[in-house]
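Below: one structure, written as structure tokens.
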Amino acid sequence: MGLSPTVRGILDPLIELYRPVPPLAYLPLMVIWFGIGETSKVLLIYLAIFAPVAMSALAGVKSAQQVRIRAAQSLGASRTQVLWLVIFAGAHCRKF
-14 MGLSPTVRGI LDPLIELYRP VPPLAYLPLM VIWFGIGETS KVLLIYLAIF APVAMSALAG
46 VKSAQQVRIR AAQSLGASRT QVLWLVIFAG AHCRKF
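To convert, note that position 86 of the sequence shown is 71 in my numbering; the numbers rise steadily by one, no gaps.
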């Protein structure tokens, strides 16, 4: 989401739509759709943690320093190496 404006344009409204709703508000729907089993519990936990983690990861990816990206590119790093070794490494520090 942080690197692609198209993906951000698609996913950001969906995340912002369900983010303000408390996760317990989804509990009756989860029980109706999936029963009282493990599936509804796992989905409820997923809904509770996905938005904060996604927003934190987005902020981390967007905060990658352009100087480091350009330095890696000038040293001959491929796009994949820049993504994994510079951008995701910087986002990892921001996330936790």
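The beta-carbon is built from N, C-alpha and C at its ideal position, and this holds for glycine as well. Keep in mind that this is a model prediction, so the values were computed, not measured.
| Item | Value |
| --- | --- |
| N-terminal and C-terminal residue of the alpha helix (DSSP H) that Trp132 is part of | As displayed, the chain neither begins before -14 nor continues past 81, which places residue 132 out of reach and without an answer. |
| Buried versus exposed call for Ile34 [16 or more other C-beta atoms within 10 Å across all chains shown] | exposed |
| Three-pair Cβ contact test at 8 Å for the region 18 to 32 versus the region 50 to 61 | no |
| Buried versus exposed call for Ala44 [16 or more other C-beta atoms within 10 Å across all chains shown] | exposed |
| Euclidean distance between Cα positions of Ala74 and Pro(-10) | 21 Å |
| Of the residues Pro(-2), Met(-14) and Pro37, the one placed nearest Pro8, counting alpha carbons only | Pro37 |
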